[in-house]
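Protein chains in written order, with the working numbering: chain F, 1 to 620; chain D, 1 to 620. C-beta atoms are modelled at their ideal positions from N, C-alpha and C, and glycine is treated no differently.
Number of protein chains: 2
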Amino acid sequence: MILGLIMREMEKINIDTMFLGPKSENQDFFMEALSYLMEDHIQWRRDFHPHDNEFITPERKNTKSFVDTQNNIKDVLVKLSEKLKESSVPWFSPRYLGHMVTDLLMPATLGYMAGILYNPNNCSYEAAPITSAFELEVGLDLATMLGYDPKKAWGHITSGGTVANFEAIWLARNLKSIPLAVKEIKPELLKSDDDWVLLNMETEEVLDLISLLKEKGILEKVLDVSVRSKGISKNLGKLLVPKTRHYCWNKVLDIFGIGRDNLITVPVQDNYRMNITELNKIIKELADKKIPILGLVSVVGSTEEGSVDRVDEVVKLRNKYKKKGINFYYHIDAAYGGYARTLFVDSENNFIKYDKLSEIFYEESDIKTNYACPSLNVYNAFKAMPNADSITIDCHKLGYIPYPAGAIALKDKRILALLDYSAAYVDSDSDPAVIGPYIMEGSKPGASACAVWCAHKTLPLNVTGYGKLIARTIEASSSFFVGLNTMMPFVAINGKAYIAAPLTKPDTNVIIFVFNELGNTSLKNMNTLNEKIYNECSYVSGSLYNKPFITSKTILSKEEYDNTPKSFLNKLNISESEFDDIKEIFVLRAAIMTPFFADQKNFLDYWGEFIEVMKTVVAS
Amino acid sequence: MILGLIMREMEKINIDTMFLGPKSENQDFFMEALSYLMEDHIQWRRDFHPHDNEFITPERKNTKSFVDTQNNIKDVLVKLSEKLKESSVPWFSPRYLGHMVTDLLMPATLGYMAGILYNPNNCSYEAAPITSAFELEVGLDLATMLGYDPKKAWGHITSGGTVANFEAIWLARNLKSIPLAVKEIKPELLKSDDDWVLLNMETEEVLDLISLLKEKGILEKVLDVSVRSKGISKNLGKLLVPKTRHYCWNKVLDIFGIGRDNLITVPVQDNYRMNITELNKIIKELADKKIPILGLVSVVGSTEEGSVDRVDEVVKLRNKYKKKGINFYYHIDAAYGGYARTLFVDSENNFIKYDKLSEIFYEESDIKTNYACPSLNVYNAFKAMPNADSITIDCHKLGYIPYPAGAIALKDKRILALLDYSAAYVDSDSDPAVIGPYIMEGSKPGASACAVWCAHKTLPLNVTGYGKLIARTIEASSSFFVGLNTMMPFVAINGKAYIAAPLTKPDTNVIIFVFNELGNTSLKNMNTLNEKIYNECSYVSGSLYNKPFITSKTILSKEEYDNTPKSFLNKLNISESEFDDIKEIFVLRAAIMTPFFADQKNFLDYWGEFIEVMKTVVAS
C-alpha cells in the first residue's frame, strides 16, 4: 500500500465510532470533522495565488440581485431538505430491515463530501492524480482481500455491481474470441486448429498466448480480427448463471450482442445455492453437443436470499472438466457478499482456520454466541473465491459506502490488454497508472474513491475491521432466524393464532420469512396475509416515518425457481400442489445490515417489540 | 414540473451567488447552508421514534477503544485532506483553463451533500421515492430545453456521457432489428418483406409498429426473435460518427457486439465540424452498396475543439435520403455542448430569434460586446437539435454539477419498450414511474439527482439562467480568441520573438492554440515549443499550486484527422508537407468555463498576466 498510513496502536477498533448513529449519537464528531474538511478546502482556495483579487467583491455582493438570488438558493435548499425528510427511507434505524442498505460508514461519507469540492474525475490521471491512485489502491486492497495475488491482480471502482458484471462479460467474451483470431493471423502459435479446442482454452492459457502475441508485436493485428472489431460472427457459447442471479444478468447478453437465448439459468437447491448436480448435467450436455461455454457465474450473496453458491464445488467441477478439455471463464458476482470474506481473513491477510473462527469472533467482536460463525460450506465457498477469473464486489453494499461505488477485481491484469483503449504509445506492459482506457465508463467521481479509501483506512479489510462489523450483522440475522424458527404460535389482536417461518438459515445476513394463520393451508391466503404485512410495513401504506418496523418483500415464483420453493411450503403445512396452482409465494425479506443488534439486549428489546407489532399488523 | 417551486420574484439571477468562488468569497453562505442541511438531517434521525434509546450511549463512548478509533478516523481524514490539497487541480481558479471543469454550482454541491446522508438509490422507486422523481423531472427539464415535446419525451441521469451514448446505441441497435423480427412473427403487419426496406424504416415508423405489436399483445414474441434474444446474427449496418468524436465511440461497437469495423468516421472541415459533403458521399456509397446505416451521430461541442456539427444540415440530408427510402437512427452527442442550448431559449421555452440574441445577452448578462453571440451556423445547429432521436447531455460538464451526472433525453419514450427489464405485470404503456428497468446501470446515487434538481431550480434552463452563465464563458473565450488572433509578435525573456495563433473561432468556449517562434517553419520545432509550454503549465513539471496558468493539450494527428489540420499550418507559415512528415500538431487547449472573465476588466488583467507568463514559459 503505497499510500498507506500507519494505523494508531490500538487495542481494538470500536464499531460504535464508525457511524453517525441511529440517534445521531456521533453528531458532534461528524459536524466537527465536516467543518474541518470544508474549511480546509476553503482555505486552500484562498491560499492559491494569495495576491489575486476577489472576483466576487463586497460591492458586487451588495446588490439587490445578489441578495434575491441567494435567498432563492436558500428557499430551494430548504425545500430539498423538506422533501428528503418527508419521504426518504430511514435506513439508519434498526427499525429498517428491508433492502441491503443501512447507515453508512461515517469516514466514507465525510471522505465523499471532502472529495466533491475538489471534483476529481478518475477517467483521467491528469484530472485526478490522487484519487486515481486511491481507486487503484482500494481496487488492489479488495483483490488482495479476495485472495488474489496482488502482484498479478487489478481492481477498480465502477458505478455499481451491474457495470462491474458487464466488464467481466466484456472480458470473457473478447477473451473467448482470441484463439479463433490467432488461428486467422498466426495459426502456428496454436496447439490445435480445431475450433472446438480453441473455444475451450483455459483463461490462463489464452492470457499466455496474449503475452506471446505482444512479445511478437502482433497483438493489435489479432485484436483486429477478434470479436472487438468483427462483432459477433460466431456463437461464442452459453453463459451459465444460477437462478438466484441479479436482474442485470438478464440484460448482459442483450447488451453484448450475444443474445439472451444464450443465457442458461442453473436451478438452485432449497437453500438457494446453485445446484451442483444440475450444473454438472448442463455442462455435460453442452459438451456432448459441442456447444461452448462462454462463462459461468457464481453468486456470493444472492440479492434476494443472501445465499452463497458453493464456489468450492464449482471449482472442483471446473477442474474435472478441464481434464476433459472443457474450459470456460469463471466469474463470481459477489456484489453483495464480497466484503463478508473479511470475516475469514486475519490482519496478515491469511485465511483463518475454521476451528479458530468462533474464538476470534468472540475476542474481536464481543460476540457471545456461536451464531456469527457461518457454516463450513459457506466458509469453504469463500475460501475458494480466488479461483475465479474475476469478482464483482460492491463497496456500496456490504462496504457501507455511499452510492456510487461498485468494484471489480481481476485475477490476472494481463487480461486488460483486451480493453486497452488508450493511445498506441502507452506501454501497457507496465503497471497501468491510468484507469480510463481499461474500463467501460468514462468520467467518474474521484470522490467515490475518497470514500472507499477512508473506509478501508479506518476499518481494515479483515476480521479486526470489516469482518467484525459484518460478524455482528450475521449474529443479528442468526438471532432473528432462531427467533422465527423457534417461535410458538402467537395470538394477534383479532384473537386468531399465527405462526412464522424463515425460509432457510441465512448464509449471510438476509432473512426471508412469512407469517401464516395457524391451520391455514391455502397459499393464496398466506400470500394475501404477507402482502398485507408488507403493505403495512412499507411505503405502500404511507409515510415511513411513523412505522415501527419497515421491511421489503420478494416473490418466489415458479417461473424463476421451478419447484425449489415447494420444500418451504412443506414446513408450513401447505401442499405442494398449491404452488403448482398459485405459482408464487409472497415473502418478506430483511437484509440485516445494522451493527446495533449484536448486543443481545438490544436485539431482545427489538424482538419483543417486533412481535407486538406483528400482533397488530397481521390482524389489520 | 410536478415538483416545481415558485421562484422568487426577482429582477435578474445573479451568477456571483452560484459559486463558492475563486477566493471562497461565498464561504459564509456555503458553511451556513451546509450546516443547515446536515443539522436538519441529524434532527430527522433523532425525531424518528423519539422514545427509542440511544444505541451508542455515553458509557459506550467512554472507553479507550472508542477514543482510539475516533482519533484514528481523525488522522485518516486529516491525511485525506492533505493529499487532496497537495495534488488536486485548482479548477475553481480562472488561472485554470484546461479541461472541461471549473468551479461547481454551489446549490448543486450542497444538494449532493444533503442527498448523500439519505443515500437514496434511484435504481428502485421504493429505495428513492423522492430522488427518483427528481431524476425524471430533471430528465424531462432537459428534454424540454432541448426542444422535445415533454408529453412524448423521456430523460434520465446516467453515470456519464459514455453510458448515455451506450444507451442510445443499445436502443438504435435493438430498434433496427425489430422489423426483421416482425417479418418472422407477423409479416402481414409490414408493408414489405424486402430486408433492405425493413432495415431502412424510419424511427417513428418502427415505433408505430411497436405500438401496434403491443396492442396486439405480440411485442414480447417479436422481441424474443429480435437481436435482444438472438444476438447479432445479421449485419445491422454502419455507425457514422465525425472524426471529432469522443473516444467512447471507439468502444461502443465492441461492447454491443457489432464490431469496430462497422464504425465509419466522417471527415471534418477545418472548423472541425462534420463535413456534410463527405457525409453525403458516404451515405450514397453505402446506399449504392445496399449496406444499411445503423445510426448517425452528430457532435455538439466536440471534446477537443468544442466545435458544433451542423445538425441543421444533417437533418436536411436525412430528409433527402428519407425520400429515397434510406433511413437511420439519429443521435446527438451533446455531452459537452448540450446545456449551451439554453443560450437560445427564453423563459417560456421558445427558441429566440437570432436577431434578438445580442440584445437579450446584453440585457441579461451585462455583456457589452457582440462576442457572446454564436454564429448563425451554430445557432441553426442548436435550433435543429429536436430532430434527433436522442441526445446525450452531461450535467457534469456545462451543467456545472459534481460528478457523476450524465444524462440522456429521448424524443419518443415509446422506444423504452425495447429495454423493458421490469416484470411482465408492469404496465409500460403508462408513464413509467420507475427508472430501473429502462436503463443500463443498476444502483445509482439519488444524491446526483438532488444536485441537478437544485441546480435547475436555482438556475433555469434558459437564457435567464444557464444561458446567461454560458454566454459569459463564450464571451470570455471569444475575447481570448480575439486576443490571440490579433496579437503582435512579442519578445520573450530570451530575446527571441514569438507569435500565437488560435485554431478556429470557437463555436462554444473551447480554444485551441499554439505558440511559434517568429520565422520558424519547422513543425517539429513548433511541437517541441508547445509541448514545453504544456509541461510548464501542467502537472508534468510539478505541483500545480504555484503555477500562474494551467492548461491542457491535445494532438491533431493525421491518423485521426487526415489532412484537415493542414490549413492551420498555412496560417503559421509552416508548409503542408511538414504535416505529412511529422503527422501531428501538438496544440494547447483551454476550455473556458469560468464565469469570472465576462467583466472585461477582469479579462484584461488576466490577459496581461498571461502574456507576461508566456514570455517566460516559451523561453524556459
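CB contact flag (F:N119, D:W453, <8 Å): no
Extent of the continuous beta strand (DSSP E) run through F:S552: 550–557
Outcome for F:M18 when other beta-carbon atoms lying within 10 angstroms are tallied against a minimum of 16: buried
First and last residue of the uninterrupted alpha helix (DSSP H) at D:D195: 195–198
Member of D:T564, D:R414, D:A447, D:G495 whose CA lies at the smallest distance from the CA of D:K151: D:R414
Extent of the continuous alpha helix (DSSP H) run through F:L357: 357–365
Option in F:E531, F:D40, F:A409 with minimal Cα separation from F:G155: F:A409
Neighbour-count burial assignment, D:G542, 16 or more Cβ in a 10 Å radius: exposed
Stretch-stretch touch, CB-based, cutoff 8 Å, three pairs: the stretch 501–520 of chain D with the stretch 471–486 of chain D: yes
Limits of the alpha helix (DSSP H) - the one that D:K397 falls within: Unbroken run through D:K397: none, as it is neither H nor E.
CB contact check: D:E576 to chain F, cutoff 8 Å: no
Three-way DSSP call (helix, strand, coil) for D:S88 in this model: coil
Listed by chain order, chain B residues near D:E441 by CB distance under 8 Å: The structure shown contains no chain B; its protein chains are F and D.
Segment limits, alpha helix (DSSP H) that includes F:T508: No alpha helix (DSSP H) contains F:T508, which DSSP labels as neither H nor E.
Chain D contact residues for F:W607, given Cβ-Cβ distances below 9 Å: The premise fails here: F:W607 is roughly 15 Å from chain D at the closest Cβ pair, so nothing lies under 9 Å.
Reduced DSSP category for F:V268 - H, G, I as helix; E, B as strand; rest coil: strand
Distance between D:S226 and D:Y425 (C-alpha atoms, nearest Å): Since pLDDT at D:Y425 reaches only 40, below the 50 mark, its modelled position is unreliable, and no value is offered.
Proximal residues to D:G467 (C-beta, below 6 Å), its chain only, five neighbours per side dropped: T342, L343
Nonlocal neighbours in the same chain, by C-beta distance under 8 Å from D:T521, ignoring five residues either side: N573, I574, S575, E578
CB contact flag (D:G237, D:K323, <8 Å): no
D:M274, DSSP secondary structure in three states: strand
CB of F:D254 within 8 Å of CB of F:R260, strictly: yes
C-alpha distance - D:T473 paired with D:W607, whole-angstrom precision: 15 Å
Per-residue contacts from F:F92 into chain D (C-beta, under 7 Å): R45
Between the CA atoms of F:N527 and F:K558 - distance to the nearest angstrom: 14 Å
Pair within 8 Å by beta-carbon distance, F:I130 and D:L84: yes
Unbroken stretches of the beta strand (DSSP E), 3 residues or longer, contained in the stretch 227–253 of chain D: 238–242
Best match in D:S448, D:L459, D:V510, D:T458 for proximity to D:S478 [C-alpha to C-alpha]: D:V510
Neighbour flag for D:Q269 against chain F, beta carbons, 8 Å: no
D:Y539 versus F:I42: straight-line alpha-carbon distance, rounded: 22 Å
Selection of the stretch 108–126 of chain F by Cβ proximity to chain D, strictly under 9 Å: T109, L110, G111, Y112, M113, A114, G115, I116, L117, Y118, N119, P120, N121, N122, C123, S124, Y125, E126
Between the CA atoms of D:I73 and F:S428 - distance to the nearest angstrom: Because F:S428 carries a pLDDT of 45, less than 50, the predicted location of this residue cannot be relied on, and no value is offered for it.
F:F166 to D:N516 span [Cα, whole Å]: 47 Å
For D:N516, the three-state DSSP class (helix, strand or coil): strand
N- and C-terminal bounds of the alpha helix (DSSP H) containing D:V617: 600–617
Opposing strand residues paired with F:S390 [DSSP bridges]: F:H331, F:L410
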